[in-house]
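The next block holds one structure in the form of C-alpha cells; read it before the comments.
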Amino acid sequence: MSKIVVIGSSNTDLIAKIKKFPKAGETIKGVSYLQAMGGKGANQAVAAHRLGGAVKFVTSLGKDTNGLNSLGYYKEEGLDVSLSLIVEDSPSGIAMIWVDEKGENSIVIISGANEMLSPGYIHKIEKEILEADLIVLQMEIPYDTVKAICDLAYENKKQILLNVAPARKLDTDIIKKIDILVVNETEAEILSGEIIEHIGEEGIVDKLLALGAKTVVLTLGKRGSILKNDRTYLQIPAFSVETVDSTAAGDTFCGALAAELSKGHSWKETLEFASAAAAICVTRMGAQPSIPTETEVRNFLKMRTTNH
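Right under this line is the structure:
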C-alpha cells in the first residue's frame with residue numbers, strides 16, 4: 006500500500022442546527038449545538054485514515070485549548086500528526102457552522118494558526134513529506150504554501166491530489182503539476198472561467214484538462230461524479246440517501262479517493278467507494294463524527310449491490 010501525506014487545515018467546528026437561516030438583524034432560537042473537529046485538511050486526513058489509508062497529517066495548531074484537544078483527538082484516532090506545527094502566537098482555527106432543517110449549511114471560518122503553515126516550514130520537513138507517494142491538498146492554508154508543495158512534489162515525481170476548496174483561481178503553473186484535480190461545480194466554474202450551463206459538465210472538465218491537470222474529478226452532489234483523463238471517462242451516479250448534514254461530504258469523498266488509490270484500485274472501484282463514503286457521511290451530523298470507516302463503506306456497497 007502506498008503512503009499518503011495530507012497537508013492542510015485543522016479547525017474546531019462550532020455547529021448550530023437551526024430551522025431556517027436568520028435574516029440580517031434577526032435573532033432566532035436554535036435547535037441544537039455540537040462542537041466537533043473539522044477543517045478540510047483534517048477531515049480529509051481522518052477520512053483517508055478511517056477508510057484504510059496509511060496517512061500522515063501535517064497541519065498547524067495554536068497552543069490553546071482547541072489546539073491541544075485536536076492533537077489529543079488525532080492521536081486517539083490513530084492518525085500520525087508528528088510532522089505538525091504548534092505555534093505560540095496564534096489561536097487554532099475555528100469554523101462557525103449553521104445547518105438548517107434541509108441539511109444546507111452556511112459557514113464562517115477564522116483561519117488562525119492555519120495561516121502559519123508556511124512554505125518555510127514545508128521545506129523544513131520536505132524529506133518526510135517526500136516519503137509519501139500521494140500528497141493531498143486543499144485551499145484552507147496559504148496559497149504560497151500550496152504552490153511550494155506542488156513544486157516540491159512535481160520535482161520529485163510524487164502524485165498530487167488537489168481539492169480546490171474553498172473555490173479560487175489558480176495559476177496555470179500549479180494546475181499543470183496536478184495529477185488529480187477534484188472540484189465541485191462552483192469550483193470548476195471559478196477555476197476554468199466557464200459556466201457549466203453554457204458548455205456542459207463534460208465541456209468544463211475538458212477545459213480543466215486543457216489547463217494541464219492530468220485527471221479531473223467533477224463532483225455533482227446528488228447527481229454523482231464525472232472522471233476524465235486521457236484514457237478514461239466515467240460517470241458514477243450518487244447513492245440515494247436521506248441528507249441530514251452535508252458538511253464533510255466533499256472531504257470524505259477526497260479522503261476515500263486517496264485511500265482507495267493508495268491500495269491500487271481501479272478508477273471505477275475508487276469512485277464507487279468514494280461515492281458510498283460520501284453518501285454515508287451526509288446521513289449524520291458534524292464533519293469528522295460523520296466520516297465512516299472502511300468496513301461501514303464495504304457493508305453499504307454490499308447491501309446496495311444485493312438490493313439491486
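Residues in the sequence shown are numbered from 6 upward in steps of one, following the working numbering.
Where a beta carbon is used, it is the ideal one built from N, C-alpha and C, also for glycine.
Rounded to whole angstroms, what is the Cα-Cα separation between R303 and A284?
Mapped onto the sequence shown, residue 303 falls at position 298. Mapped onto the sequence shown, residue 284 falls at position 279. If you take the alpha carbons of R303 and A284, they lie about 12 Å apart.
Would you identify the three-state DSSP class for L225, choosing helix, strand or coil?
Position 220 of the sequence shown, counted from the first residue, corresponds to residue 225. Here L225 sits in coil by DSSP.
E190: CB within 6 Å of a non-hydrogen atom of the ligand FAD:
Within the structure as shown, the ligand FAD is missing, as the structure has no ligands at all.
Which residues in the same chain as E190 place their Cβ atom closer than 6 Å to its Cβ, once the five residues preceding and following it in sequence are excluded?
The residue labelled residue 190 in the question sits at position 185 within the sequence shown. Result list for E190: I201, in chain order.
Where does N304 sit, in a helix, a strand or coil, going by DSSP?
Within the sequence shown, the letter at position 299 stands for residue 304. In this structure, N304 counts as helix in the three-state DSSP scheme.
From A263 to E277, what distance separates their C-alpha atoms?
Along the sequence shown, read from residue 1 onward, the residue named residue 263 stands at position 258. Along the sequence shown, read from residue 1 onward, the residue named residue 277 stands at position 272. Rounded to whole angstroms, A263 to E277 spans 13 Å at the Cα level.
Going by Cα to Cα distance, which pick from Q40, L214, G255, M290 is closest to Y238?
The residue you call residue 238 lines up with position 233 of the sequence shown. Taking only the C-alpha atoms, the option nearest Y238 is L214.
Inter-stretch contact at 8 Å, needing at least 3 Cβ pairs: the region 32–40 / the region 163–178:
No, because fewer than three Cβ pairs between the region 32–40 and the region 163–178 fall closer than 8 Å, the two stretches do not touch.
I need the DSSP call for Q49, collapsed to helix, strand or coil.
Within the sequence shown, numbered from 1, the residue matching residue 49 stands at position 44. Of the three classes helix, strand and coil, the one that applies to Q49 here is helix, per DSSP.
By how many angstroms is the C-alpha of R173 removed from the C-alpha of R289?
On the sequence shown, position 284 is the one that residue 289 refers to. On the sequence shown, position 168 is the one that residue 173 refers to. Approximately 28 Å, taken between the alpha carbons.
To the nearest angstrom, how far is the alpha carbon of V86 from that of I231?
As a first step, residue 86 is located in the sequence shown; it is residue number 81 there, counting from the start. As a first step, residue 231 is located in the sequence shown; it is residue number 226 there, counting from the start. Cα to Cα, the separation comes out at about 32 Å.
Nearest neighbour of A47, chosen from A29, I179, S89 [CA to CA]:
Counted from its first residue, the sequence shown places residue 47 at position 42. Here the closest residue by C-alpha is S89.
When you compare only the Cα positions, how much space is there between E247 and L186?
Translated into the one-based positions of the sequence shown, residue 247 becomes position 242. Translated into the one-based positions of the sequence shown, residue 186 becomes position 181. E247 and L186: Cα-Cα distance of roughly 28 Å.
Pick from V188, A158, T150: whose alpha carbon is nearest that of K182?
What you label residue 182 is simply residue 177 of the sequence shown in a count that begins at 1. Looking at the Cα atoms, A158 is the closest of the given residues.
If we count the other Cβ atoms within 10 Å of its Cβ and call it buried at 16 or more, is G117 buried or exposed?
Within the sequence shown, numbered from 1, the residue matching residue 117 stands at position 112. Buried.
Spell out a yes or no on whether the region 264–272 and the region 53–72 are touching, meaning 3 or more CB-CB pairs, one atom from each, closer than 8 Å.
yes
Buried or exposed: where does H203 fall if 16 or more other Cβ atoms within 10 Å of its Cβ makes it buried?
Reading the sequence shown from its first residue, position 198 is the one you call residue 203. When all chains shown are included, H203 counts as exposed.
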